[in-house]
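Trainee:
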Amino acid sequence: MRLLRSLKWAAAGVAALTLAACAPSTAPSQTGGDDKTGTLRVWLFDEPNRVPKEKVVNEAVKEFTAANPDVKVEIAYIPTSPARHEKFKGAFNDPASAPDVAEYGNTDLAEYAAAGGFADLGPDVASWSEGKDIGADLLKSATVDDKLYGVPWYIGIRALYYRTDVFDELGLKAPGTLEELAATARAVRKKKPDMYGIAVGGEYTFGALPFIWDAGGDIDKLDSPESRKGVEAYTDLLSDDVCPPQACAALTGGKTVELFASGKAAMGILGNFSRSAVDAGPAAGKYAVVPLPGSTAGSPAPAFAGGNNLGVMNSSRHRTLALKFVQLLAGKTYQVKMYEAMGNLPTLTSARQELAAKDPFLKPFLDTVAAGTRFVPVHPAWVKIDNQKVIPTMLQKVATGQATVEKATGEAAAAVKAAFER
Amino acid sequence: MSTRTATTAARPAAGPDLPARRARSRSPRGPRPWLYLLPAAAVLVPLFGYPLYMLGLLSVFDYRQAQVSGGEPTTFIGLANYAALLDDGRFWAILAQTVVFAAALVLATLAVGATLAMVLTRAGRVPRLLLSLAAMAAWAAPAMTGSTVWMFLFDTDLGLVNQVLGIEGFNWFYDKWTAFGVVGATVVWHSFPFVMVTLYAGIQAIPASVLEAAALDGASAWQSFRRVLVPMLRPLITIVVVQSIIWDFKIFTQIYVMTNGGGIAGQNSVLNVYAYQTAFGSSEYGLGSAIGVVMTLILLVVTLFYIRALYRKGEPL
């Protein structure tokens, strides 16, 4: 008996000791360096059409290594899917496997900033000759608590694509208000039952947000009467006489692009970056673009100013080199090259103006920018709201008839509030 | 170590009550059983104990991304994560739907597996070989691959099923119950081979004379299955049931892949997907761990009750 008892005591003692000694581990505090030689590791996002991007980037790498012969640049392409979060978290937690430079979506910024993963580039950008060419609005989308966690590299703006051939055939005009948009979409579906009036999706957050913003609502007050009006207007399109919920309730933004590009929809809320995808499908050459209309004619619905930044990791051992590479990629020469290859809108104002003069395709997107853009909350809560699919769930519940607009928006507002409170 | 030797040395001095104790419990209480357990424990404790310990530990901390990467200090918050969970209506809804879905899956897997095991025993050589091969292929298919293939089969526009049935455009994943049905079929397809093979092996081990005697006594096929085979296979059935409960309660891949992380408006979410999304999607590692602990406890309780119920019936394993 004594043996058992002493064993028990020993076990209890060991357990108590371990409990007292251990809290969950935390990554070692990150100290970077400023080596002038070695390998510069860069993470860029993989794209559906990566080849043109890779070409431009390789050109930049060549130019960079010619100027810095002791440096090797290693580019890795990482997925844009939610798996990117794991990649980045891994990089923050284990500096040894982290890159020096990384491209990231500006909606993820707040979460990454709270994690302390990226270095403050404020002074560096302020003293950079081309840095002043970046608009204040755009710099703000890379700023948390007065610290600039990256250089805005490009932006994407969504507008309304529509099929000119279908509209001509049915004698329709490009809609000037959201109300007209709904009526036009219904008219198309009525006369062409195998076509969707407009490609909208239950998981297309950035397609739905302009409707909410235009009505005067916002993400942090989804249960306000204004937001409800916007939700109602958007989910109204997710109905059998426009885009049937059976087919459209589960669609993401990317899937609506496919739908429009494949010729199954007469309209779509697509970005300037979707141009190459549409040009590769049967809708090529048979479409035009206007700003997504608002509730009053002449004032477009506020678009979401999504985009990607280039950041330097806190743990980077090559700070100066990393910054130089960022400035090369985000400089005017390569921003213009990236636009020509990918259709990504430059963040440098002068580059944008230059391109607008050359390419009339850009006009509706730049008009949309000029009318004012909006952004998601720069707060770690946004990543949570996005990951919990708060807005898609709200839209889908209404579209499938699982809940009324009041109930769905109420639940969503509660979820948003909970995300901000933690 | 020194304690142990000292105690062992002191043991004879324990004197008179020793034989009595020996008689009461058949196995001698010495260090020896512990020693025998040591090799197994050396493997199992680090492999299972440590992750479980970490899971429990994380669940009592406010541990999010900022804490992991050192941006904010980690704080002990006691049972606050559990309290948040109990307050979460969505957790309860998903828990209920997970339990019901898992129960249906266990029953379906057992029914299909047992039926096909019986078919195997009756089938001729070639059909038996074909059936075993097909089952082995289903078993060997990684969950990811199987789910994707089934998803293609049930695709709205291009799926074979819709083309054969002539219902192109029907979205199987739109309605909550048809979505659960398709996912459930995939899960059963993945897991019945284990049940089938285990039971088939068990049936093969039963002497033919027993079944022959039953037949001579006039038992029908169903009767000899119900009254002879099932009782003799009970230990195997227990293992199969416990395994199935554990697998089906922890179902993840099929739901995550086929319904794109929980279906329209999250209607097809199950506990494991919810835990994953909480822990890794929302970076709420503490809260996600709490869900994991709750899942582990539920599984432990269910399994223990099941095994205990069998003992109660006086039919030891």
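For the record, the sequence lines run as chains A and B.
Reminder that position 44 of the first sequence reads as 44 in full-length UniProt numbering, one-by-one numbering, no gaps.
Reminder that position 281 of the second sequence reads as 281 in full-length UniProt numbering, one-by-one numbering, no gaps.
The beta-carbon is built from N, C-alpha and C at its ideal position, and this holds for glycine as well.
Let me know the alpha helix (DSSP H) ranges lying completely inside the segment 44 to 69 of chain A, each 4 residues or longer, listed in chain order.
Mentor: The qualifying runs are 50 to 67.
Trainee: Write down every uninterrupted run of the alpha helix (DSSP H) in the segment 205 to 292 of chain A whose length is 4 residues or greater and which is fully enclosed by it, in chain order.
Mentor: Within the segment 205 to 292 of chain A, the complete alpha helix (DSSP H) runs of at least 4 residues are 205 to 214, 225 to 235, 245 to 248, 253 to 261 and 275 to 279.
Trainee: Assign Pro392/A to buried or exposed, taking buried as 16 or more other Cβ atoms, counted over all protein chains shown, within 10 Å of its Cβ.
Mentor: In the first sequence, residue 392/A corresponds to position 392, counting from 1. Answer is buried; the Cβ neighbour count reaches 16.
Trainee: Consider the Cβ of Glu72/B: report whether some Cβ of chain A lies at a distance smaller than 9 Å.
Mentor: For the purposes of this step, residue 72/B is identified with residue 72 of the second sequence, where counting begins at 1. So, interface residue.
Trainee: Chain A beta carbons: is any one of them nearer than 9 Å to that of Ala140/B?
Mentor: Taking the second sequence and counting its residues from 1, one reaches residue 140/B at position 140. Ala140/B does not count as touching chain A.
Trainee: Excluding the 5 residues preceding and the 5 following Ala159/A in the sequence, name in chain order all residues of the same chain whose CB lies nearer than 6 Å to its CB.
Mentor: Here residue 159/A refers to the residue found at position 159 when the first sequence is read from its first residue. Excluding sequence neighbours, Ala159/A sits near Val289, Pro291, Leu292, Pro364, Phe365 and Thr368.
Trainee: For chain B, check one thing: does any of its Cβ atoms lie closer than 9 Å to the Cβ of Asn93/A?
Mentor: Taking the first residue of the first sequence as position 1, residue 93/A is located at position 93. Yes, because at least one Cβ of chain B sits closer than 9 Å to the Cβ of Asn93/A.
Trainee: Restricting to Cα atoms, I'd like to know which of Val336/A, Thr39/A, Cys243/A and Thr296/A is closest to Ala96/A.
Mentor: Within the first sequence, numbered from 1, the residue matching residue 96/A stands at position 96. Ranking Val336/A, Thr39/A, Cys243/A and Thr296/A by Cα distance to Ala96/A puts Thr39/A first.
Trainee: CB-CB under 7 Å to Thr253/B, same chain, minus the five flanking residues each way: which ones, in chain order?
Mentor: Numbered from 1 along the second sequence, position 253 holds the residue referred to as residue 253/B. The answer, listed in chain order, is Ala143, Met144 and Ser147.
Trainee: Contact criterion: CB-CB distance below 9 Å. Does Thr400/A meet it with respect to chain B?
Mentor: Here residue 400/A corresponds to residue number 400 of the first sequence, with the count starting at 1. With 9 Å as the cut-off, Thr400/A counts as an interface residue toward chain B.
Trainee: Taking the DSSP output, what are the residues bridged to His318/A?
Mentor: Residue mapping note: residue 318/A aligns to position 318 of the first sequence, counting from 1. Asp34/A, per the DSSP bridge assignment.
Trainee: Run the CB neighbour count on Pro225/A, radius 10 Å, all protein chains shown included, and call it buried at 16 or more, exposed below.
Mentor: In the first sequence, the residue the question calls residue 225/A occupies position 225. Answer is exposed; the Cβ neighbour count stays below 16.
Trainee: Let me check one thing: in DSSP terms, what residues is Ile134/A bridge-paired to?
Mentor: Indexing the first sequence from 1 puts residue 134/A at position 134. According to DSSP, which records beta bridges pairwise, Ile134/A is partnered with Leu348/A.
Trainee: With a cut-off of 9 Å, does the C-beta of Gly116/A fall near any C-beta of chain B?
Mentor: Residue mapping note: residue 116/A aligns to position 116 of the first sequence, counting from 1. Interface residue, yes.
Trainee: Can you find the residues in the same chain that come closer than 6 Å, C-beta to C-beta, to Ser371/A, ignoring five residues on each side of it along the sequence?
Mentor: Position 371 of the first sequence, counting from 1, holds the residue named residue 371/A. A quick correction: the sequence has Ala, not Ser, at residue 371/A. Excluding positions up to five away in sequence, the list reads Pro300.
Trainee: Can you give me the Cβ contacts of Met394/A inside the same chain, cut-off strictly under 8 Å, excluding the 5 residues immediately before and after it?
Mentor: In the first sequence, residue 394/A corresponds to position 394, counting from 1. Cβ within range, chain order: Leu222, Val231, Ala408, Thr409, Glu411 and Ala412.
Trainee: Nearest-angstrom Cα distance between Thr7/B and Val60/B?
Mentor: On the second sequence, position 7 is the one that residue 7/B refers to. On the second sequence, position 60 is the one that residue 60/B refers to. With a pLDDT of only 41 at Thr7/B, under the threshold of 50, the placement of this residue in the model should not be trusted; the figure read from the coordinates follows. Approximately 38 Å, taken between the alpha carbons.
Trainee: Please list the partners that Pro82/A has in chain B, where partner means a Cβ-to-Cβ separation under 8 Å.
Mentor: Reading the first sequence from its first residue, position 82 is the one you call residue 82/A. Those within 8 Å of Pro82/A in chain B are Gly281.
Trainee: Using the C-alpha atoms, what's the distance from Glu406/A back to Gln327/A?
Mentor: One-based indexing of the first sequence puts residue 327/A at position 327. One-based indexing of the first sequence puts residue 406/A at position 406. Their Cα atoms are separated by approximately 48 Å.
Trainee: Considering Gly30/B, what are the terminal residues of the beta strand (DSSP E) in which it resides?
Mentor: Along the second sequence, read from residue 1 onward, the residue named residue 30/B stands at position 30. Note, Gly30/B: premise wrong, no beta strand (DSSP E); not H, not E.
Trainee: Mind checking who Gly306/A pairs with in its DSSP beta bridge?
Mentor: As a first step, residue 306/A must be located in the first sequence, where it is residue number 306. Beta-bridge pairing links Gly306/A to Gly156/A.
Trainee: Below 7 Å between beta carbons is the criterion; list the residues of the segment 190 to 218 of chain A that meet it against any residue of chain B, in chain order.
Mentor: Cβ contacts with chain B come from Gly202.
Trainee: Within its chain, find whatever has a CB closer than 8 Å to the CB of Ala20/A; leave out the 5 residues flanking it on each side and keep chain order.
Mentor: Residue numbering aside, residue 20/A sits at position 20 when the first sequence is read from its first letter. Residue placement at Ala20/A cannot be trusted, given a pLDDT of 44 that sits under 50; what the coordinates show is reported in the next sentence. Nothing listed; no residue qualifies.
Trainee: Is Ile307/B helix, strand or coil when you go by DSSP?
Mentor: Looking up residue 307/B in the second sequence gives position 307. If DSSP states are grouped into helix, strand and coil, Ile307/B belongs with the helices.
Trainee: Let me confirm a value: Ala415/A is counted as buried when at least 16 other C-beta atoms fall within 10 Å, else exposed. Which label applies?
Mentor: Residue mapping note: residue 415/A aligns to position 415 of the first sequence, counting from 1. With 16 or more Cβ atoms within 10 Å of its Cβ, Ala415/A is classed as buried.
Trainee: Taking 9 Å as the threshold (beta carbon to beta carbon), is Ala23/B in contact with chain A?
Mentor: Position 23 of the second sequence holds residue 23/B. Bear in mind that the predicted position of Ala23/B carries a pLDDT of just 46, short of 50, making it unreliable; the figure below should be weighed with that in mind. For Ala23/B, the answer is no, since every Cβ of chain A falls outside 9 Å of its Cβ.
Trainee: Runs of 3 residues minimum, wholly inside the segment 91 to 122 of chain A: which ones carry the beta strand (DSSP E) assignment?
Mentor: As far as the segment 91 to 122 of chain A is concerned, its whole beta strand (DSSP E) runs of at least 3 residues are 101 to 105.
Trainee: Check the C-beta distance from residue 424/A over to Tyr104/A and give it rounded, since I have them as a contact under 8 Å.
Mentor: Outside the shown range of chain A, which is 1 to 422, sits residue 424/A, and nothing can be said about it.
Trainee: Tell me the DSSP secondary structure of Asp168/A in three-state form.
Mentor: Here residue 168/A is taken as the residue at index 168 of the first sequence, counted from 1. It is helical.
Trainee: Can you give me the Cβ contacts of Ala23/B inside the same chain, cut-off strictly under 7 Å, excluding the 5 residues immediately before and after it?
Mentor: Within the second sequence, numbered from 1, the residue matching residue 23/B stands at position 23. With a pLDDT of 46 at Ala23/B, under the threshold of 50, the modelled position of this residue cannot be trusted; read the value that follows with caution. Closer than 7 Å at Cβ, skipping near neighbours: no residue.
Trainee: Can you check whether the CB of Lys192/A is closer than 9 Å to the CB of Ala303/A?
Mentor: Locating residue 303/A in the first sequence gives position 303, counting from the first residue. Locating residue 192/A in the first sequence gives position 192, counting from the first residue. Result no, Cβ atoms of Ala303/A and Lys192/A do not sit closer than 9 Å.
Trainee: Rank Ser81/A, Ala322/A, Asp46/A and Tyr112/A by C-alpha distance to the C-alpha of Gln65/B and give the top, closest one.
Mentor: Taking the first residue of the second sequence as position 1, residue 65/B is located at position 65. Checking every option, the nearest Cα to that of Gln65/B belongs to Tyr112/A.
Trainee: Could you pull the start and end residues of the beta strand (DSSP E) that Ile251/B belongs to?
Mentor: Position 251 of the second sequence, counted from the start, is the residue given in the question as residue 251/B. Per DSSP, Ile251/B belongs to no beta strand (DSSP E) and is neither H nor E.
Trainee: Are any of the Cβ atoms in chain B nearer than 9 Å to that of Pro380/A?
Mentor: If you number the first sequence from 1, residue 380/A lands on position 380. Chain B, which has a Cβ nearer than 9 Å to the Cβ of Pro380/A, makes this yes.
Trainee: Three Cβ pairs or more, each shorter than 8 Å: is that satisfied between the segment 49 to 58 of chain A and the segment 335 to 343 of chain A?
Mentor: With the cut-off at 8 Å, the segment 49 to 58 of chain A and the segment 335 to 343 of chain A touch.
Trainee: Could you tell me which residues DSSP puts in a beta bridge with Arg186/A?
Mentor: Within the first sequence, the letter at position 186 stands for residue 186/A. Arg186/A is not bridged to any residue.
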